[in-house]
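Enquirer:
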Amino acid sequence: MAVIGTGLIGTSIALAARRRGVTVFLADRDPVAARTAAALGAGLARAPAAPVDLAVIAVPPSQVGGVLAEAQTSRLALGYTDVASVKAGPERAALSRAPDPERYIGGHPLAGRERSGPLAARAELFQGRNWALTPSRVTSPATLDRALCLVELCGAVPVVMPSQEHDAAVAVTSHVPHLVASLMAARLRDGPAGTSLLAGQGLRDVTRIAGGDSRLWGDILQSNAPAVADVLRDLHADLSRLVPALDALARPGHRDRELGMRTLVDLLDRGILGLAGIPGTRPPTAPGDPRVRVRVVDRPGELARLVAATAGLGVAAEDADVGAADADSLAVRFTVPQAVADRMVAELRKGGWSAVREDAVRHAGEQPGRDEGEDVALPV
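Residue 108 in our numbering sits at position 105 of the sequence shown; the count goes up by one each step and never skips.
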């Protein structure tokens, strides 16, 4: 393997490959960076004598096309991939400028740290993390296979998708969050005296990623500017609703206070629903939140099937209570946030489950049955 660019990601890939016995050749426009990576055990800071199996281009998005064309012209490798967090631009550059575009496949490991440079590299950085691969219309099967081999070497999970779909997704999941973190961190400079002394975990969580290399992030954001701008427009629309709502709530007796509170709660509920869509993330519950009750036939495998169904909704099975509904079935109760309850009932019913909101039963004036409410049809 050859790794071009020995920063955090490139050196981490090299370390992971070396751990698996792969010979790695290192290159960087800064010779000291390549020598540093080599001194860490990431490989050899020299060019290979013959083409290697795969060249990994670990440079900013705007530089991928030029580096790829140069590497292919020199016949550095049999296959080529990159690790930039924007994929459509490098793909267009490969199709228009690279001598052998069929030997290139876009790649993006979804892992990183707030620190940069080879000294921040870790061989285990990609363990269990998703790694997007974006083959173009001309990418050869052999090139895809080599990229899949790289993902396996690094202990990551391959996710194959079109480049434009990737860029639209990371605008939401990575690029705009970085911008928002930076904007929030910038507010700290203008805060009142003593602000830093009251910096709790919430602020640290929101601003954690703001410390990234500004030049690298400038390159990333300009390379994905259309998708980032689309997300920011939607965010701007929400903020345009939120500010007047808070202005109304700040003035006692204002005629729009009730509307302002409804707007505020609606935006917060939408956030809870969005959080529930992240795999492995459990939305927080609060006292008084509704319970969703599901009737499960008492036979082997049925409860496990329900657990799998609720996991896909971001609901934790370990927080459920199980009781007897009758001699042939169990009643499983999940306490969930208000914003999640109706969606959970609707999705479970689509899957054939008998599910109700217990608070909805009581609010509708229904009399509880033998397990605190019969399975009644409720509007969802």
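The C-beta atom is built at its ideal place from N, Cα and C for all residues, glycine as well.
No experiment lies behind these values; they were computed from the predicted model shown.
Start and end of the alpha helix (DSSP H) containing residue 68?
Expert: Its alpha helix (DSSP H) spans residues 64-76.
Enquirer: Expressed to the nearest angstrom, what Euclidean distance is found between the alpha-carbon atoms of residue 58 and residue 143?
Expert: If you take the alpha carbons of residue 58 and residue 143, they lie about 15 Å apart.
Enquirer: Taking the beta carbon of residue 212 as the centre, do at least 16 other beta carbons fall within 10 Å, making it buried, or is it exposed?
Expert: Buried, by the Cβ-count rule.
Enquirer: To the nearest whole angstrom, what separates the beta carbons of residue 179 and residue 235, a pair I think is in contact under 8 Å?
Expert: 6 Å
Enquirer: Count the C-beta pairs between the stretch 79-93 and the stretch 104-118 that are closer than 8 Å, then say yes if the count reaches three, no if not.
Expert: With the cut-off at 8 Å, the stretch 79-93 and the stretch 104-118 touch.
Enquirer: According to the Cβ coordinates, are residue 46 and residue 40 closer than 8 Å?
Expert: Closer than 8 Å, so yes.
Enquirer: If you follow the beta strand (DSSP E) that residue 326 is in, where does it begin and where does it stop?
Expert: Unbroken beta strand (DSSP E) run through residue 326: 324-329.
Enquirer: Tell me which same chain residues have a C-beta within less than 7 Å of the C-beta of residue 300, skipping the five on either side of it?
Expert: 331 and 332
Enquirer: Which ranges does the alpha helix (DSSP H) cover as unbroken runs of at least 4 residues, wholly within the stretch 197-266, from first to last along the chain?
Expert: 204-210, 217-226 and 228-252
Enquirer: Do you know how far the Cα of residue 6 is from the Cα of residue 95?
Expert: 22 Å
Enquirer: Taking 8 Å as the threshold (C-beta atoms), are residue 93 and residue 223 in contact?
Expert: For residue 223 and residue 93, no; Cβs fall outside 8 Å.
Enquirer: Does DSSP put residue 88 in a helix, a strand or coil?
Expert: coil
Enquirer: If I measure Cβ to Cβ from residue 297 and keep anything under 7 Å in the same chain, skipping five residues before and after, which residues do I get?
Expert: 309, 335, 351, 356, 357 and 358
Enquirer: For residue 137, write down the residues that DSSP places opposite it in a beta bridge.
Expert: 109
Enquirer: Less than 8 Å between the C-beta atoms of residue 49 and residue 75, yes or no?
Expert: no
Enquirer: Looking only at its chain, what residues have a beta carbon closer than 7 Å to the beta carbon of residue 378, apart from the 5 residues adjacent to it on each side?
Expert: Caution applies to residue 378, whose pLDDT of 37 falls short of 50 and renders its modelled position unreliable; the model cannot decide the point.
Enquirer: Would residue 190 be called buried (16 or more neighbouring beta carbons within 10 Å of its own) or exposed?
Expert: exposed
Enquirer: Using only the heavy atoms of the ligand SAH, determine whether one of them is closer than 7 Å to the beta carbon of residue 301.
Expert: Ligands are entirely absent from the displayed structure, and the ligand SAH is therefore not among its contents.
Enquirer: Tell me where the alpha helix (DSSP H) around residue 12 begins and ends.
Expert: Judged by DSSP secondary structure, residue 12 falls within the alpha helix (DSSP H) whose first and last residues are 11-22.
Enquirer: Can a CB atom of chain D be found closer than 8 Å to the CB of residue 123?
Expert: The structure shown contains no chain D; it holds only a single protein chain.
Enquirer: Looking at C-alpha atoms only, which residue of 341, 19 and 118 is the closest neighbour of residue 271?
Expert: 341
Enquirer: If residue 11 sits next to residue 118, beta carbons under 8 Å apart, how far is it from one beta carbon to the other, in whole angstroms?
Expert: The distance from the Cβ of residue 11 to that of residue 118 is about 7 Å, consistent with a contact at the 8 Å cut-off.
Enquirer: Give the range of the alpha helix (DSSP H) segment to which residue 306 is assigned.
Expert: 305-314 is the span of the alpha helix (DSSP H), which, as asked, contains residue 306.
Enquirer: Can you tell me whether DSSP reads residue 80 as helix, strand or coil?
Expert: strand
Enquirer: Please state the DSSP three-state secondary structure of residue 43.
Expert: coil
Enquirer: Any contact between the stretch 142-162 and the stretch 20-28? By contact I mean 3 or more CB pairs, one from each, below 8 Å.
Expert: yes
Enquirer: In whole angstroms, what is the alpha-carbon distance linking residue 55 and residue 175?
Expert: 36 Å
Enquirer: Would you mind reading off the limits of the alpha helix (DSSP H) that contains residue 166?
Expert: 166-173
Enquirer: Identify, in the order they occur along the chain, each residue of the same chain with its Cβ nearer than 7 Å to the Cβ of residue 220, setting aside the five sequence neighbours on each side.
Expert: 181
Enquirer: So, helix, strand or coil for residue 61, using DSSP?
Expert: coil
Enquirer: Can you pull the DSSP bridge partners for residue 28?
Expert: 5 and 47
Enquirer: Please report the residue range of the alpha helix (DSSP H) in which residue 333 lies.
Expert: Residue 333 -> not in any alpha helix (DSSP H); beta strand (DSSP E) instead, spanning 332-338.
Enquirer: Secondary structure at residue 300, three-state DSSP: helix, strand or coil?
Expert: Residue 300 falls in the strand class under three-state DSSP.
Enquirer: Applying the 10 Å Cβ sphere with the 16-neighbour rule, what's the burial state of residue 8?
Expert: buried
Enquirer: Under the three-state reduction of DSSP, which class applies to residue 124: helix, strand or coil?
Expert: coil
Enquirer: On the three-state DSSP scale, how would you describe residue 56?
Expert: strand
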